[in-house]
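Chemist:
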Amino acid sequence: GGEYSNQSKTIGWKPSCECGNEKTIPCTVLDPFSGSGKALIVANKLFRKAIGIELNAEYCEMPLKKFSQEIIFFKT
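Residue numbers are given in the UniProt record's numbering: position 7 of the sequence shown equals residue 7, and the series is strictly consecutive.
(1) What first and last residue would you give for the alpha helix (DSSP H) that runs through Lys-45?
(2) Alpha carbon to alpha carbon, how far is Asn-44 from Phe-33? Give it in angstroms, no decimals.
(3) Under the three-state reduction of DSSP, which class applies to Leu-64: helix, strand or coil?
(4) If we call anything under 8 Å between Cβ atoms a contact, is Ile-51 one with Thr-28?
(5) In angstroms, rounded to a whole number, what distance separates the CA positions of Asn-56 and Gly-35?
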């Protein structure tokens, strides 16, 4: 095999939307693998509604201990 170059150059990051400013449309965050509920907690801090889905009952209890918010549980 011959030699090759695998170089990359970071040119910076620019937001592609106006997310996080006063023009942001209210939304609901869906986290289908909630785990410890980190995405739900962040959504709550950003004044968003959030729906978390988690199969492990032990993980379902974690976010409940961290913050109080109306949570709907769906059982199958």
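We treat Cβ as the ideally placed atom computed from N, Cα and C, and that holds for glycine.
Modeler: Considering the structure as presented:
(1) 38 to 45
(2) 17 Å
(3) helix
(4) yes
(5) 8 Å
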